[in-house]
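Okay, so the sequence shown: first residue is 1 according to UniProt numbering, each after it adds one. Below is one structure; the comments refer to it alone.
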Amino acid sequence: MLDVLAKLNLDNVDEMHETEFSEYVRRSLQDRKYLVVLDDIWSQEACYKLDMLFPKNGNGSWILLTTRIRDVARYASFNYWVQKRFLTEKDSWNLLRVKVFGEDDPCPPQLEEAGKKIAEKCEGLPLAIIAVAKHLSKADKTTEYWNLAEEEIPAIFSADDVLSKRLMLSYMHLPQNLKACFLYLGVFPLGYRIVVSKLIKMWCAEGFLERHKWNNIEDIAMECLLGLVRRNVVLISTFSSSSRIKTCKVHSVFWHLCTKEADEDEFFCIMKSNANQRIERQRRLCIHNNALFGIKDVRKSMASVSNARTAATIRFYEFPIEVVELIYLRYLSFTYNGKLPASISKIQNLEYLIVHQYLSILSFEACRSYLPMEIWNMKKLRHLQVMGSDLPDPGSNSVPLYHLSTLLGISARSCTKKVFEKIPNLRRLGIQIELALDVPTKPLCCFDHLPYQLESLKCVIVNPKVVVAERLPVSIFELRYLRKVTLTGLGLPWHDMRSFGKLPRLEVLKLRCNACRGRVWETNEVRFQELRYLLLEDVDVENWHADCYSFPLLEQLSIRHCYKLKKIPSEFGKMLRFGTTPTLKKIKLVDRGESVVASAKQIVDEQVELGNELLQVYVKSSADDRKLKS
């Protein structure tokens with residue numbers, strides 16, 4: 001700033017007090033037209049001081065600033081801010097080519113293929129492309145060297161002082177609570193699309209988030225993620241049906257920074273191809289290669305990591321008993337088809353237990369899996385996910401699992417009154433039902449004892465070819481707090497869907513794989529008053545009827561693999577007439593009939609006439625991927 005002001009011929013600037021300096025600048029610029037350009041502003045406080053420093057003389061003067069923090073940009077100018085996008089692959093290659101060879105000199109044809117691969121690995125970040133170009137411009141311009149350079153991109157990033165210093169600035173300006181969250185992202189492999197729900201659980205398990213009595217710990221973790229997104233060190237990949245972040249990723253330059261800083265601070269350890277690493281003091285052990293668990297020394301080393309708090313994405317063919325010695329473990333996720341040992345309850349601090357299966361279920365009885373009775377002794381459990389397993393009835397002396405709020409993948413047999421009485425704060429429930437042709441059963445009786453406070457319900461029929469000859473029990477429509485329902489393979493009559501309109505808080509409804517059967521779905525005179533997201537996937541409906549009141553708040557409609565559906569109800573195009581603001585933002589069609597696409601296009605046209613220019617229609621199939629935009 002002083003260098004800039006020196007050009008205005010201001011005397012003794014460096015000797016002035018801050019207040020005196022500010023007043024002097026305002027007086028000097030009061031009658032002058034000025035343009036001030038400032039790079040890398042890091043705080044709203046700095047924006048405020050700049051705003052106070054320069055006079056608002058109304059003569060067309062401007063202050064242009066850049067920042068990496070979205071909140072700072074919005075604070076500086078709510079209406080006049082632009083977020084720069086990453087370069088496309090084509091633009092990335094053009095920038096690399098120009099920086100290496102100049103504007104006028106072409107790239108030798110034999111280097112183009114390798115050059116485009118190098119540019120692609122920079123993931124559209126101009127600063128990274130320039131760093132690589134600077135390196136390539138000084139090196140041999142041969143195919144062999146450029147192919148080698150493609151593999152050495154991380155080393156090039158690390159060796160470039162300008163790039164390293166700019167990235168380190170982003171890290172150093174993170175609040176202290178976000179630094180640990182940021183470094184933790186390095187436990188995932190390079191380029192990995194991170195499932196946010198999984199990341200949130202792992203952060204919570206680590207204990208570096210401050211818990212508050214009045215705030216849910218997972219809400220605090222989500223706010224930390226949003227803080228990293230606003231600072232542009234984490235990129236959003238996809239959104240969920242409820243418009244929350246579903247998956248995210250870390251740009252490769254920041255991933256290398258994560259792993260470098262984490263290694264220096266011993267924040268976590270990534271286990272490589274041998275067991276000779278010193279891991280005894282590590283609290284976080286990452287194993288990206290499941291084959292390592294076949295090495296006895298590795299399993300022995302794992303047992304020595306007594307301070308470990310998280311262990312994730314592990315595939316066990318034989319349960320390693322060493323795991324139960326990790327008494328500080330809070331998050332454990334693995335793939336295993338066998339029966340869990342009773343000794344699992346020794347991990348008394350465990351909060352998240354996730355057990356996946358690596359083989360398809362082959363028969364009704366042979367693959368029945370039971371959780372040990374000792375599961376009821378794990379008092380700190382918050383999240384339990386066990387695909388198709390039976391949860392044993394708790395004994396009369398069992399203490400309720402007050403912290404358990406998520407229970408996913410349990411068998412229908414586990415949905416008993418005794419079980420739910422011992423989980424008084426359950427919010428999310430996932431039920432897996434397996435039917436058999438020769439076994440008389442009433443599978444939907446699992447809905448009879450659902451806890452009233454339930455917010456999310458997912459029910460999956462594993463073998464949907466066996467028809468469910470039942471109606472949904474009335475009790476499910478008494479769940480007044482239910483916000484999300486996912487049904488798969490139940491084969492219910494479409495008429496049952498009318499009752500879901502009675503749920504006062506239902507925001508997300510997903511119907512998959514013949515969740516309902518029948519040619520006609522009548523939603524006339526039915527009002528899904530709070531529904532924001534509706535998914536129809538692999539259902540056999542042909543005619544869908546609705547009126548203008550059926551989905552007054554719907555924001556997203558997704559239709560996938562509904563080959564018999566003739567069209568989307570035209571009333572979707574008229575819904576705006578009965579509201580004050582447009583709500584429908586997205587229609588997504590996957591493997592659909594052309595008549596469905598035509599009806600979607602008509603809805604877009606009608607919404608445009610009614611003032612809704614936000615609606616977009618995405619059309620996707622194996623043959624094409626295109627977007628119709630209003």
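In this text, a Cβ means the ideal position worked out from N, Cα and C, and glycines have one as well. Since the model is a prediction, treat every value here as computed from it, not as a measurement.
Each residue's CA atom was taken as its position, placing LEU326 and ARG309 some 8 Å apart. Sequence-distant Cβ neighbours of GLY60 in its own chain, meaning closer than 8 Å and more than five residues away, are LYS33. Of the candidates LEU235, PRO493 and GLN616, LEU235 places its Cα closest to the Cα of TRP255. Distance from the CA atom of ASP591 to the CA atom of TYR75, rounded to whole angstroms, is 44 Å. When DSSP reads this structure, GLN385 sits in a beta bridge with ILE354 and LEU408. Using a C-beta cut-off of 8 Å, the segment 441–460 makes contact with the segment 424–431, since at least three inter-stretch Cβ pairs fall below that distance.
Ranked by Cα distance from GLU20, the first of MET52, SER197 and CYS47 is MET52. By the C-beta density criterion, PRO443 is buried, having at least 16 other C-beta atoms within 10 angstroms.
For ARG330, there is no enclosing beta strand (DSSP E), as DSSP gives it neither H nor E. In the three-state reduction of the DSSP assignment, GLU322 falls in the helix class. Annotated as distal: TRP214 and TYR184, with beta-carbon spacing of 8 Å or more.
Here CYS459 is not near LEU503, since their CB atoms are 8 Å or more apart. Counting C-beta pairs with one atom in each stretch, the segment 221–239 and the segment 133–143 have fewer than three that are closer than 8 Å, which means they do not touch. Distance check between LEU511 and each of VAL526, ASP265 and ASP540 places ASP540 closest, using alpha-carbon atoms only. Rounded to whole angstroms, PHE420 and ILE130 show a C-alpha spacing of 59 Å. Its Cα nearest to that of TRP146, the residue GLU113 stands out among LYS567, GLY611 and GLU113.
Positions of the beta strand (DSSP E) runs, each at least 3 residues long and wholly inside the segment 47–119, are given as 62–65 in order along the chain.
In the three-state reduction of the DSSP assignment, TRP146 falls in the helix class, which pools H, G and I. For THR238, the uninterrupted beta strand (DSSP E) run begins and ends at 235–239, by DSSP.
Note on PRO569: 16 or more other CB atoms within 10 angstroms of its CB, so buried under the neighbour-count rule. Put simply, the backbone Cα of PHE182 is about 7 Å away from that of CYS258. Contact between SER398 and ARG382 does not hold, since the beta-carbon distance rounds to 17 Å and is not under 8 Å. About 16 Å separates the Cβ atoms of GLN607 and LEU589, ruling out a contact at the 8 Å cut-off. Taking a C-beta distance under 8 Å as the contact criterion, LEU391 and ILE410 qualify as a contact pair. Of the residues assessed, GLY491 falls on the buried side of the cut-off, its CB having 16 or more other CB atoms within 10 angstroms. For the set THR88, VAL619, PHE477 and ALA73, the Cα lying nearest the Cα of ARG230 is the one of ALA73.
In this structure, the beta-carbon distance from LEU408 to ILE423 does not fall below 8 Å. Counting along the chain, ASN543 sits inside the beta strand (DSSP E) bounded by residues 543–545. The closest CA to that of LYS620, considering only ILE603, VAL596 and GLU351, is found on VAL596.
For SER389, the closest alpha carbon among the candidates TYR336, TRP42, ASN377 and LEU350 is that of TYR336. In the displayed model, VAL608 falls within a helix according to three-state DSSP.
The beta carbon of MET373 sits closer than 6 Å to the beta carbons of PRO392 from its chain, once the five residues preceding and following it are set aside; these are given in chain order.
Of the residues LYS564, PRO55, TYR549 and THR66, the one whose Cα lies closest to the Cα of ASN514 is LYS564. According to the DSSP secondary-structure assignment, GLY430 is paired through a beta bridge with LYS458. Residue burial is scored here from C-beta neighbours: ALA133 has at least 16 other C-beta atoms within 10 angstroms and is therefore classed as buried. Nearest to LEU178 by C-alpha distance, out of GLU89, ARG166, ASN232 and ARG193, is ASN232.
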